[in-house]
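Q: Structure in C-alpha cells, see below.
There are 4 protein chains.
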Amino acid sequence: MTDFFAGIDPVRYGGPEADGDLAFRHYDPEEVVLGKPLKDHLRFAAAYWHSFAWEGGDPFGGQTFLRPWHPQDDMGRAKIKADAAFEMFRILGVPFFCFHDADVRPEGATFAESRDNLFEIVDYFGPKMEETGVKLLWGTANLFSHRRWMSGAATNPDPDIFAYAAATVKACMEATHRLGGQNYVLWGGREGYETLLNTDMGRERRQAGRFLQMVCDHADRIGFDGTILIEPKPQEPTKHQYDYDVATVYGFLKDFGLETRVKVNIEQGHAILAGHSFEHELALARELGILGSIDMNRNDYQSGWDTDQFPNNVPEVTLAYYEILRAGGFTTGGTNFDAKLRRQSLDPVDLIAAHVGGMDTCAAGLKAAARMLEDGRLEAARAERYAGWESAEAKAMLDGDLAGAAARVEAGGVEPEPRSGRQERLENLVNRYL
Amino acid sequence: MTDFFAGIDPVRYGGPEADGDLAFRHYDPEEVVLGKPLKDHLRFAAAYWHSFAWEGGDPFGGQTFLRPWHPQDDMGRAKIKADAAFEMFRILGVPFFCFHDADVRPEGATFAESRDNLFEIVDYFGPKMEETGVKLLWGTANLFSHRRWMSGAATNPDPDIFAYAAATVKACMEATHRLGGQNYVLWGGREGYETLLNTDMGRERRQAGRFLQMVCDHADRIGFDGTILIEPKPQEPTKHQYDYDVATVYGFLKDFGLETRVKVNIEQGHAILAGHSFEHELALARELGILGSIDMNRNDYQSGWDTDQFPNNVPEVTLAYYEILRAGGFTTGGTNFDAKLRRQSLDPVDLIAAHVGGMDTCAAGLKAAARMLEDGRLEAARAERYAGWESAEAKAMLDGDLAGAAARVEAGGVEPEPRSGRQERLENLVNRYL
Amino acid sequence: MTDFFAGIDPVRYGGPEADGDLAFRHYDPEEVVLGKPLKDHLRFAAAYWHSFAWEGGDPFGGQTFLRPWHPQDDMGRAKIKADAAFEMFRILGVPFFCFHDADVRPEGATFAESRDNLFEIVDYFGPKMEETGVKLLWGTANLFSHRRWMSGAATNPDPDIFAYAAATVKACMEATHRLGGQNYVLWGGREGYETLLNTDMGRERRQAGRFLQMVCDHADRIGFDGTILIEPKPQEPTKHQYDYDVATVYGFLKDFGLETRVKVNIEQGHAILAGHSFEHELALARELGILGSIDMNRNDYQSGWDTDQFPNNVPEVTLAYYEILRAGGFTTGGTNFDAKLRRQSLDPVDLIAAHVGGMDTCAAGLKAAARMLEDGRLEAARAERYAGWESAEAKAMLDGDLAGAAARVEAGGVEPEPRSGRQERLENLVNRYL
Amino acid sequence: MTDFFAGIDPVRYGGPEADGDLAFRHYDPEEVVLGKPLKDHLRFAAAYWHSFAWEGGDPFGGQTFLRPWHPQDDMGRAKIKADAAFEMFRILGVPFFCFHDADVRPEGATFAESRDNLFEIVDYFGPKMEETGVKLLWGTANLFSHRRWMSGAATNPDPDIFAYAAATVKACMEATHRLGGQNYVLWGGREGYETLLNTDMGRERRQAGRFLQMVCDHADRIGFDGTILIEPKPQEPTKHQYDYDVATVYGFLKDFGLETRVKVNIEQGHAILAGHSFEHELALARELGILGSIDMNRNDYQSGWDTDQFPNNVPEVTLAYYEILRAGGFTTGGTNFDAKLRRQSLDPVDLIAAHVGGMDTCAAGLKAAARMLEDGRLEAARAERYAGWESAEAKAMLDGDLAGAAARVEAGGVEPEPRSGRQERLENLVNRYL
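Heads up: the protein sequence lines correspond to chains R, Z, W and L, in order. Here the UniProt record's numbering is used: the first sequence runs in plain steps of one and ends on residue 434. Here the UniProt record's numbering is used: the second sequence runs in plain steps of one and ends on residue 434. Here the UniProt record's numbering is used: the third sequence runs in plain steps of one and ends on residue 434. Here the UniProt record's numbering is used: the fourth sequence runs in plain steps of one and ends on residue 434.
So, in C-alpha cells, the structure goes:
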C-alpha cells in the first residue's frame, strides 16, 4: 500500500467527548436507531473525484495539492491513486465509494484506449473491494471535462458526440455492473446551454430524453438492476442546465415515460444554487416518488457558485435526514460526500479530518431526525393542521366540482377564520431534538 | 368622466424624433410587420391593479399616492376609479385591460356582498368597453391579499377556505366570461409555504391539481372557451411557491392531465426571480407547447424581490419577442403591463408616460425581432449547427439503442472534433437588428 | 393591565429538558459565563415595532393580526399597546426595549401634535419602566414610513424635509434621553436612491454627513452621553442605500471625522442582504473599532428580501457571539430582537414563544462561544498561523520599503512553501463546543 | 509574424449598415465627439490574459482552445504568443494593451528566472510597440494563480510570501515603467479569506495597507508617475475579498492616507457581483474623487460568478459612459476589455469578432452618452430637483445646527409636500438618445 496516509489509524467512535481531529464523536456505525444500525441508515460513500482527482485548481489558480499520483496521465500512477483511495476508505470505515471513469484512469489517445484503461482499473479495484469490504454505491461517466463535451454530450449538435457519449456510458455502466454498483448516476454537466442564440432547446431536450430511454433499456438488457439516477443542477458549468431541479427533472421524466424508472440524486449545493433548501428538494422528490440518493455537501450561502464544502451545520442536516426518514430511508441510495477540501487544506490528514467531521455531522443530524420522528409531536402538529380535510364532507368536496364546492359559500354559511401557522413554535420544537 | 388626467390628450405616434413625454416614437399601432399590424402582434393590456388599486405602499412605508378614489372601500369611489381607468385606456389606445376582483370592487362584509359588488362593477364596465372598444384580455381572482388566504387558497389546510376559493374563482370566471375575456388567469400567490415544518406538500399539491381540474371543467360547463393560464413565480409572498417556473408548472400539468388544456402566463420579473432569463422561460414554454401570454415588466437585477418596473431595455425585450414570434405570435394571449410606477412617481402624467415608454420599448423590440426573423441569418446559423442530425444515419441512431449508437465509436471510427459555438458572433449579429 | 397575554406566566429557566413552548432551556439570566451573568452578556431587548406596531401585512396582502390596539391612530389605543408591550417585556424578563416614535404614538395632523403624542407616551412609559425595571436600550426616529420621507430624510432634495428630519430626530433623541436610553440609533431606510438618474449622489452624501455631525453635536449639547449608532443595510426599501455595510459606513464616518464618535448597529439580515456573513460584519466592525450593538434576527438564505425571522440556528449564532466576545462584549450595546412573527402566527402565545426560542438560541450560542474562547485552541491555531510575523525581521520588513522587502527574494534565498489552512479541522473544532 | 490570424484584415469603420463580422458599425476612431476623437475618449485596451493566456478551462473542464503557443511553459512559444497578440492589436486598431507578468512569460524555476523571463519579453515587446504604435495602458502582477499565493500575497500569514509579493510587484512595476505604462494596477485576488476561523482580519488589513504604501513610495522612487489603481471585487476566488467594492476601497485608502494617491479600476462584472450596478460604482468613485479606469465586460445576471463576457447591451453601456463623461472622461485610464471568449468559441476569428462587437457597443454607448450630456435635459432635471438647496436659507441650515434646522418645523411653518421623482419619465428620456 501507499504511505500517503502513513501514521493515520482507522478512525473509531470515541463518544461525544473524544478529543483530537481523528475520532468520531457522533458516528458509531453499529448504534441502532429506529431499528437499524447507523451505517445502514447513512450508507456513507466517499467520492473519488474531489478527494483524489481534483488537484486544487480554481478559475484563478492552478493546482495546490502535490500528490504522489500527479500528473494523472499514467496507469502506474492511477494505481497509486487507487491504493491511496482505498486506504482512505479503510481508515474512514465508509461502506461505499463512487467514481467517474475520468477519476480513475488516464484519458487514452483513442476511445478504445480510454475504455481499456478503465477496465484495467476496474480489475484493480476488484480485489481491493473484496479485501476492504468497501462496495460501489454508484458509478458514472464524466461527460463534461474533455473538450469534446464542451457543447454537451447527449444534447450535442454533433451526432458523433452523442455516439461517443453512448459508448462512454455503455462502458461506465458495464464497469459499474461488474463492480456490483447499486446505482448508476447521470449528471449532465454540459447538457444545457451557454446562449439560447445557438441552441435548439426542443431538439436537445428530445435528444436527452431518447438518450435516457436508451440508457435505461441498456441497463435492462445487461441485467443491471441498480437504480438509474439523475442529478439535478441549475447551472455551472453552463449558463442553464436542463436538469435544473427536482421539479424540472420530474416533468422531463413524465414526458419520456420514465418517472417510475429513474430517480434523483439530490445535492445540497445544487439545491441552494437553484434557489431551494435541501430539505425542499428532498421532500418534493419524496412526494413525487423519485427520491433516490443524496450528494451531501454544503454550499456557501454568500457565494454564487458550487463550493462543495463538507457539511458542518447539524441543524440543517437534521432537516434533510428528517425528510429522508419520512420517505422510509434509503434503499439503494446513500450519503455520498460530494465535498472537497478547500484548496488551502494541503495535508493528507485534512482529507481524513474533513470526512470525519462530515460523517459526524450527518450522524448527529440523522439521530436528531430520528428522535424527532419517534417523538411524533411534529407530525402530530402537521396532521392536526390538516384535520379538517379528513371529514367526509371535505373529501366529497375534493372529489366534486367547482359549483359544488362553491355552493356552501354562496349560501352564506362559510366565513372561515384563519388559524395560527405556529411556525416559530415548530422551529423551537425542532431545536429540542438537537 | 373624471378629470384625473385633465389636459392629457390621447397619445399618438409621432415618429422616432417626436418630442415630449407623451408621444409614441416606435409604436404605430397600424404599422404592418410580418403581415400584421403592430397592435395585433403586441395586443397590449393595461393592468388595473398596479395603476389603480396599488396606493404606493411598500414593506417600509404606507401610501404615497393620493387618488380621488381613495380610500377604496366604497362603491361610489370604485366607479370613479373605473372612470379614471378607462380614461387611461383611451388615452393610451391599449386594446385590452386585465383585472382581479379585488382591484375593481370594495370587499364586502360577506361573500355575497363582495360578489354583488363585483357584478355591479362588471355592469358598469360593459358600456365603457363598448364605448371605448377596449376589451378584456383576462380576468382573475385575488386569492392572496385578504387575511383568509394567508395560508393558501386551493392548498389551504382548511377545506372551508378551499370552498371560499372555489366560490371566488367561480364568480371571477363568470365575470370574465360576461365581459368577453379571452383568457382566465390563476396566480397562486399564497399557494406555497412559509415553512416545510407545518406543510404537507403532497397533499397541498393534490389539492391544487384537483382545484385546477375543477376550474377547467367549470369553464367548459359555462361555455367559457378562453384560455386558462397559470402564472409561474418562485417565491414572494411565500418562501416557496408551487408554480415555481415554467418547467415546474409543466410537470404539474402533466401529473394532472392538463398539459394540453392549460397554458402559462409568463412574467419577466418572475423569470428573473427563478434564476432564468425571460427568453428562457418563453422558449421553454414554446417547446413544451404551453406558451399563452406574457406579463411584461422588468425586475431590477440587483434587487431580490419583485420590482415590477416598466420595461425600458430594447435589446432585452427584443430577445423576448423573438421567442414569441418563433412560436407564431400570440393567439388569445397578449402583452399585459404588470408594471407599476415607482412610489415616488406621484403625478397622473407619470402613469401615462410610464406606459408610453413601455409600449415604445415593446414595439421597438418586436420590430427588431421581426427584422431578425425575416432576415433569417440567426435561424440559418442555428440550423447549420445541428445539420449533422439531419442525416439518415443520425436519425436512425436516435431511434436505435445504446449499443447501436456506441458501436461506431467502439469500432474506432469516431473522433469528433468540437466546432466553435460562435456565441459572440451571434450576439453581434443580434445587435445589428436593433 | 391588558389581558392580551392572559394566562401566560413569566417565562422561567427550566433546564435543557424543560418541556412546553414557554420555558427557557438555555437562558438562565443569572448563569455566570466568563465572569459575568448571561443577562449582562446578552443584554436582550425587545423591539416595539415588529411585535406591536406591525400588523402582518406584506407586499401582497394586508393585515393578518387583529390586536386590541388596532387601528393605531388613537392615543387611547396607543396606551393599550404600551400596556401589552410592557406585559410582554415582563413575561420574557428582557432587561431592555427599543422603539421608533412612530411605533408608540399615532401620527398627528401636525409636527407639534406628533411630538406631543410622543412625549405623552414617554410619560406613560416612565412609571412602567420604573415598575418593571425594563430599561431603554435605544430610541430612534422613523424617517421612512410616512410619505413625506419617500425621497429620503437627511438626503432629501427638499430642504424642508431635511428640516423636518432634524426636528424629528431632535424630539426622538430628547425622548430617548428622558427615558435614560443607552444608545441612539439612525437607520436611513430612505437615505439612498431608486434611480441614479434623478439623484445627486455627492450632494446627498454631504447632506447625510452634515446631518450626522449635527446629530452628534446636539447629543453633546443636551448631555446625552449614550452611543450614537448607524445601522447598515444595502437596499430595501430603496434600490441602493448609502449605509450599505460596515465597510461603507466606516469610509463615510472617516470622511466626516466621526469614526471615533459613531458606532454601528449590525443586523444579521442586513449583513446577508449585503453579501456578507453576520460574523464578517461583526469582526470587521471590531477591527475598525466601531462595533456597537446588534439587531439579532435571521434572513432566509433563499429569499432576496429582509425576512426578519427569529434566530434559531445555534451554530450560526455561536460564530456571531464569538466575534462579540473577542471584542470584549457589549458596553452600551445589546442584543435587540429585530425579528417578527411570520404573518400566519396569529396567537399572542406565538409572540412569547418566538422570543423564548430566540433568547434560548442566543444563550446557547453565547455559551458555546464562551467555551470556545476559554478553551483557547481556536485562538492558538490562529496565532500559530501568523507566528512568522512575530520575528523582528518580519516586523522590520513591514516597517521598511518595497526594495528592502524584495531584496531577500531577489537574492534567491526565499522559496516559500505554502502551509495548510486547516479550514475543515477548524470547522470541526468549532463543532465541539456546541 | 504568426499566421494565426491569417486572412483577417485590419478592421475598418464601415458605417451602421456595414455587413459581416469584421467591420465597425459604430466605432470610427477619428469621429469627434464633445471635441475629442472617439479613440481618445474610449482609450481601448486589449487584455493579454483572457485572449492569449487563458486556455478555455472552467471548474468542470480543461482547455478547449488549441493555440500554437500551447503549452505555455517555454520562452519560444511565449514569443509566438506575443506575435499573435500584437497581430490582434494591429487588426483591431486598439491603442493600448494590458498584461500580468504571468500572461507573457513562462514561470521560472526560481524568482530570478521568472523575472529574467519577464524582462526578456519586455525587450521583445519594445520594438513591437514601436512598430504598431500600441501603448501600454497598464501592467500588473499576477499574485493569485501560483500555489504560493493560495493564502494571499501582501496579506499572507507567511512574511516570506509578503516578501515574494514585494519582489514581484517591484519587477512588474519596473517592466511597466520601462514600457511607458500609464497606470499600474493591483488586483488582490487572494487578498481576502476562505474562512474567518483561520484569519486575523485586522492584521491582514494592516499588511495590505503597508504594502500599498510601500508600492506607492516605490513608484515615486523610480519616477513612475502613472496612476496606481486598485481593482475592487467582492469575492471569487476567495469567499471574501478585502477590496469588496468602491466604498470599501475608499475607507481603506482613507485609513492609510492614500485616498488622493490611489484610484480605482472598476469592472462591470465585479460591480454586479458586489450587488451594484456598474454606473453606481462609477458614479460613487467620481464623487469620491477616485475614478481611474475601467475593465469593461459584462456579467451574466443569472450566474453567481464572474463570467467576463464581452459587453453587448448598448443601453447599459451608455449609462456607464455617461458617469465617466460627467467626471470629465479618462485621464490616464481607459477602457480595458477584461472579457473572454466563451470556451466554445474556438476560432481565431471569434477573438477578433468579439472585440469588434465590444468596441462597437462601447462606441455606440459613449456617443449616446455624449448626446445626452450635450442635450442637457437630464442634468437640468436633476438640478431642478435639488433647486431648493440653492437658497441662502437652505445653505445656512446645512451649515447650522440641529436645533436651528428644527426650529422652523417646531414653529409650525413647514408641512412639506413630496414631489414626483419622475423616474419613468427620465428613463424614457434616456431612451431617446440611444
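In this text, a Cβ means the ideal position worked out from N, Cα and C, and glycines have one as well. Treat the numbers as computed from the prediction; the structure is a model and nothing was measured.
For SER391(Z), count the other beta carbons within 10 Å of its own beta carbon; 16 or more makes it buried, fewer makes it exposed. Which is it?
A: exposed
Q: Listed in chain order, which residues of the stretch 335-346 of chain W have Cβ atoms closer than 8 Å to some Cβ of chain Z?
A: ARG342, ARG343, GLN344
Q: Quick one: which chain Z residues come within Cβ less than 8 Å of ARG210(L)?
A: Result: empty, since nearest Cβ-Cβ is about 34 Å, beyond 8 Å.
Q: In its own chain, which residues sit with a C-beta less than 6 Å from the C-beta of PHE65(Z), not counting the 5 before and 5 after it?
A: GLU55, GLY56
Q: DSSP beta-bridge partners for GLN309(L)?
A: ARG298(L)
Q: Report all residues from its chain with a CB closer than 6 Å to the CB of LYS233(Z); omit the five preceding and five following residues, and keep chain order.
A: Beyond the five residues adjoining it in sequence on each side, LYS233(Z) comes within less than 6 Å, by CB distance, of GLN241, HIS270 in the same chain, given in chain order.
Q: Beta-carbon within less than 6 Å of ALA353(R)'s beta-carbon, same chain only, minus the 5 sequence neighbours each way: which residues are those?
A: Here ALA353(R) has ASP21 as same chain residues with Cβ atoms under 6 Å from its own Cβ, once five neighbours each way along the sequence are excluded.
Q: Give the range of the beta strand (DSSP E) segment to which THR361(W) is assigned.
A: Careful: THR361(W) lies outside any beta strand (DSSP E), inside the alpha helix (DSSP H) at 348-375.
Q: Please check if any C-beta of chain R sits within less than 7 Å of the C-beta of MET214(L).
A: no
Q: Let's test the definition: count the other Cβ atoms within 10 Å of the Cβ of ALA396(L) and tell me whether it reaches 16, buried, or not, exposed.
A: exposed
Q: Can you list the residues of chain R that MET173(L) reaches, using a CB-CB cut of under 8 Å?
A: Correct list: empty, because the minimum Cβ distance to chain R is about 21 Å.
Q: Could you name the residues of the same chain whose beta carbon sits closer than 6 Å to that of PRO16(R), not counting the 5 residues immediately before and after it, in chain order?
A: ARG25
Q: Does the beta-carbon distance from SER420(R) to LEU346(W) come in below 7 Å?
A: Contact: yes.
Q: Might you give, ordered along the chain, the residues of its own chain that have their beta carbon closer than 7 Å to the beta carbon of LEU434(L), omitting 5 neighbours on each side?
A: VAL314, PRO315, THR318, ALA368
Q: Strictly under 7 Å for the Cβ-Cβ distance: is ASN299(L) near chain Z by that measure?
A: no
Q: Check distances from the C-beta atoms of the stretch 39-67 of chain R to those of chain L and list, in chain order, the residues that come in under 9 Å.
A: GLY56, GLY57, ASP58, PRO59, PHE60, GLY61, GLY62, GLN63, THR64, PHE65, LEU66
Q: Of all the residues that make up the stretch 249-283 of chain W, which are near chain R by a beta-carbon distance shorter than 7 Å?
A: Within the stretch 249-283 of chain W, the qualifying residues are GLY275, HIS276, SER277.
Q: Have a look at GLU415(Z) and GLU231(R) and give me their C-alpha separation to the nearest angstrom.
A: A direct Cα-Cα distance of roughly 28 Å separates GLU415(Z) from GLU231(R).
Q: Using the DSSP secondary-structure output, state which residues sit across from VAL262(L) in a beta bridge.
A: ILE228(L)
Q: Just how far apart, CA to CA, sit THR361(W) and GLU279(W)?
A: 16 Å
Q: Which runs of the beta strand (DSSP E) fall wholly inside the stretch 25-97 of chain L and span at least 3 residues, in chain order?
A: 44-47
Q: According to the neighbour-count rule (16 or more other Cβ atoms, all chains shown, within 10 Å of its Cβ), is ASP200(R) buried or exposed?
A: When all chains shown are included, ASP200(R) counts as buried.
Q: Within 7 Å of any Cβ in chain R, is that where the Cβ of MET201(Z) sits?
A: yes
Q: Determine the chain L residues that contact GLN235(R) at a beta-carbon separation under 8 Å, and present them in chain order.
A: GLN302, SER303
Q: Quick one: any contact between the stretch 207-216 of chain L and the stretch 138-158 of chain L, if contact means 3 or more CB pairs under 8 Å?
A: yes
Q: Use the C-beta contact count for ASP225(R): other C-beta atoms within 10 angstroms, 16 or more gives buried, fewer gives exposed.
A: exposed
Q: Could you list which residues in chain L have their beta carbon closer than 7 Å to that of LYS81(W), in chain order?
A: The contacting residues do not exist; LYS81(W) stays about 26 Å from chain L at best.
Q: Are there three or more Cβ pairs, one per stretch, closer than 8 Å when the stretch 248-263 of chain L is compared with the stretch 253-261 of chain W?
A: yes
Q: Indicate whether ALA102(W) and SER51(W) have their beta-carbon atoms separated by less than 7 Å.
A: No. Outside cutoff.
Q: Could you please give me the residues that DSSP links to GLU267(R) through a beta bridge?
A: ASP295(R)
Q: Less than 7 Å separating the beta-carbons of LEU128(W) and ALA406(L)?
A: Looking at the sequence provided, one finds Lys at residue 128(W) rather than Leu. Taking 7 Å as the Cβ cut-off, LYS128(W) and ALA406(L) do not qualify as a contacting pair.
Q: Residues in its own chain within less than 7 Å of ARG178(R) by CB, not counting five upstream and five downstream?
A: VAL122
Q: Shortest alpha-carbon distance to GLU427(Z) belongs to which of PRO418(L), PHE310(L), VAL430(L), ARG382(L)?
A: PHE310(L)
Q: Cβ closer than 7 Å: which chain W residues qualify as neighbours of GLY421(L)?
A: SER151, GLU194, ASN198
Q: Find the residues of chain W that neighbour GLY11(R), judging by a C-beta separation of less than 7 Å, and give them in chain order.
A: The amino acid at residue 11(R) is misidentified as Gly; the sequence shows Val. Going along chain W, no residue has its Cβ under 7 Å from VAL11(R), so there is no contact; the nearest lies around 12 Å.
Q: Which residues mark the beginning and the end of the alpha helix (DSSP H) in which LYS395(L) is found?
A: 392-399
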